[in-house]
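Those protein sequence lines, which keep their order, are chains L and G. Reading the first sequence from the start, the letters are residues 824 to 1068 in the numbering used here. Reading the second sequence from the start, the letters are residues 824 to 1068 in the numbering used here.
There are 2 protein chains.
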Amino acid sequence: MNLLFLGMTNPKPHYSIISEFVKKQIHEGLYPKGSLIPSENDLCIQFDTSRMTVRQALNELVKEGFIERKHGKGSFVKSERQSLGLLSFKGFSEVVGSADHEVKTLMVEPPAILPWPQGVFESMSRAESGEYFTLKRLRCADDAPVMLEYTYLPIEGFESLLSSDLVDGSLFKTLSVKFGVDMRNLEQCLRAIQADTTHSKLLKCPLGSPILAIERKYITNQTGLFVYSKLYCYTDHYSISNILN
Amino acid sequence: MNLLFLGMTNPKPHYSIISEFVKKQIHEGLYPKGSLIPSENDLCIQFDTSRMTVRQALNELVKEGFIERKHGKGSFVKSERQSLGLLSFKGFSEVVGSADHEVKTLMVEPPAILPWPQGVFESMSRAESGEYFTLKRLRCADDAPVMLEYTYLPIEGFESLLSSDLVDGSLFKTLSVKFGVDMRNLEQCLRAIQADTTHSKLLKCPLGSPILAIERKYITNQTGLFVYSKLYCYTDHYSISNILN
DNA sequence: GACAAGCACTTGTCTATACAAGATGAATTT
DNA sequence: AAATTCATCTTGTATAGACAAGTGCTTGTC
């Protein structure tokens, strides 16, 4: 069985091979958001396996938030990227209509390689060190800055990131498509602080105004690999909303 | 089959019956945190069913965060209550050791039945109304107040809550044990605001200091039933941390 | 005593099958 | 033409087995 993989000494279970195959196709755009993926029986035939195995594969994708299953209809693509920890903006001072906000991302500084920021993530990381690919970005909604984001990715294994562009401008999408790195889990730490001069300048908010500070540690599917983020949000005009489950 | 349920017109699938049975036993303290629950084969015999069905039941409990499975060893109880949206306190000004903090909950006012708080959750709720069981509580860590919590539960169907005490002082645990209501999902909205006089007095923080404001809508396993919460956190001495997956 | 083999127990992966139940469109009846 | 039935697609639930692989205890050997 499994003509596709004959000869390859593949330690991965079948359901894992199938779910990664489908996930890759979703990432490649073969099945855009909202579209129907092949039915369980189709996948059974395609991979010459039993339905329970295919179901386990698809349930993995449900758990990771890639697809949604509908009884009697089929499995639909939920989102092209993993929604884990995704923050969406929701205007609350102007709850007028459902006119979505235009979201832009600006690089505050060009991407750089810097040593591990000592003391910043002290409560979440144990003994990180070495060089980190560092991104300083400003997220804007409707041309108004709402979030200042510092992202730290260990450079080891990602040297090629420096020379290449990000897929769709998204670091996480790039990691998933080009390196097979997916975010599995997220640990975060929330505080309310007063804006300092940097925050005030970049977020265009008064000095000392309350801003939301979030420290994040993303746990990936590669053991030992973590991505860190520090977010500063000015929430007077836009609040930060998210959905957990 | 299923001697236990013969005669009951039970619309629920077997795996659901099994997972709720085990969940109830965990809640009742039969299997404390860290202990071993019966093996898959034991449950197969107990419920006269196949292993795949038992596995589906246990996987439900894993998904909900109640148990953890270890290959070759067994299934262990992870936590006595659902961790969904649970906020844990993590001192960051005193990251000394792993000495856990003593957490207490004080009632600011006795529980009351009040009409739906107009305008408070306007961005998350559509057309809520009627009477709500309202709790105003202050959460303390090591005797220091860190979080002010307003909770709103529709009174319909929960009239008996007024006369009875909360199980272990926890509203969510009471809902789960006595009413079979479990939190499935959480929608939240985060902001940083300035402390007003109420916040300042209760949270013992300076007037105008930055505090974290969180609006929450809990989606339950009973369609149409939502629990709302509004949290105010003073994060100068304690930050708010949580884990998503 | 130290080590290795074997055994019993656990969860993990997988097969092949069956029927239930929701969705949908075509064929049939009214 | 409208309504109903039916066939056929989908996913959901369930059975009864099989072997693999991790864990830990017992037993036997050196």
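We put the beta carbon where it would ideally sit given N, CA and C, even for glycine. Since we're looking at a predicted model, the values are computed, not measured.
Other residues of its chain near residue i: CB distance less than 7 Å, five sequence neighbours each side excluded
i                      : result
residue 972 (chain G)  : 960, 962, 1052, 1054
residue 956 (chain G)  : 934, 936, 976, 978, 981, 984
residue 940 (chain L)  : 975
residue 1044 (chain L) : 1004, 1005, 1007
residue 929 (chain L)  : 960, 961, 963
residue 1033 (chain L) : 1015, 1017
residue 879 (chain L)  : 838
residue 919 (chain L)  : Only weak support exists for where residue 919 (chain L) lies, its pLDDT of 32 falling under 50; the value from the coordinates is given anyway. Here the set comprises nothing.
residue 848 (chain G)  : 854
Residue i, buried or exposed, once every other Cβ within 10 Å from all chains shown has been counted against 16
i                      : result
residue 846 (chain L)  : buried
residue 935 (chain G)  : exposed
residue 1011 (chain L) : buried
residue 874 (chain G)  : exposed
residue 970 (chain L)  : buried
residue 825 (chain G)  : With a pLDDT of only 39 at residue 825 (chain G), under 50, the local geometry of the prediction cannot be trusted, and no value is derived from it.
residue 868 (chain L)  : exposed
residue 1040 (chain G) : buried
residue 894 (chain G)  : exposed
residue 814 (chain G)  : Limits of chain G in this structure are 824 at one end and 1068 at the other, which puts residue 814 (chain G) out of reach.
Distance between residue j and residue i (C-alpha atoms, nearest Å)
i                      : j                      : result
residue 1015 (chain G) : residue 968 (chain L)  : 16 Å
residue 877 (chain G)  : residue 859 (chain G)  : 16 Å
residue 1057 (chain L) : residue 1028 (chain L) : 7 Å
residue 1018 (chain G) : residue 1021 (chain L) : 23 Å
residue 1030 (chain L) : residue 897 (chain G)  : 55 Å
residue 990 (chain G)  : residue 1047 (chain L) : 40 Å
residue 943 (chain G)  : residue 863 (chain G)  : 47 Å
residue 820 (chain G)  : residue 938 (chain G)  : This structure does not reach residue 820 (chain G), given that chain G is present from 824 up to 1068, and the question cannot be answered.
residue 857 (chain G)  : residue 888 (chain G)  : 13 Å
residue 882 (chain G)  : residue 852 (chain G)  : 20 Å
residue 861 (chain G)  : residue 836 (chain G)  : 20 Å
residue 844 (chain G)  : residue 1009 (chain G) : 24 Å
residue 917 (chain L)  : residue 892 (chain G)  : Its pLDDT being 38, under 50, residue 917 (chain L) is placed unreliably by the model, and the measurement read from it follows with that caveat. Going by the C-alpha atoms only, they are around 47 Å apart.
residue 927 (chain L)  : residue 872 (chain L)  : 44 Å
residue 993 (chain L)  : residue 834 (chain L)  : 31 Å
residue 921 (chain L)  : residue 996 (chain G)  : At residue 921 (chain L) the pLDDT is 33, less than 50, meaning the model places this residue with poor confidence and gives no usable figure here.
residue 954 (chain G)  : residue 1002 (chain G) : 19 Å
Which residues DSSP lists as bridging residue i, in chain order
i                      : result
residue 897 (chain L)  : L:893
residue 1043 (chain G) : G:1006
residue 1017 (chain L) : L:1033
residue 1056 (chain L) : L:970, L:1035
residue 963 (chain G)  : G:927, G:968
residue 935 (chain G)  : G:957
residue 859 (chain L)  : L:899
Beta-carbon spacing of residue i, residue j below 7 Å
i                     : j                      : result
residue 854 (chain L) : residue 885 (chain L)  : no
residue 850 (chain L) : residue 1000 (chain L) : yes
residue 801 (chain G) : residue 998 (chain G)  : As shown, chain G starts at 824 and ends at 1068. That puts residue 801 (chain G) outside it, with no answer to give.
Own chain partners of residue i with C-beta closer than 6 Å, once the 5 adjacent residues on each side are dropped
i                     : result
residue 870 (chain G) : 841
residue 866 (chain G) : 877
Contact set for residue i: own chain, Cβ-Cβ below 8 Å, skip 5 residues either direction
i                      : result
residue 932 (chain G)  : 959
residue 1025 (chain L) : 931, 961, 968, 971
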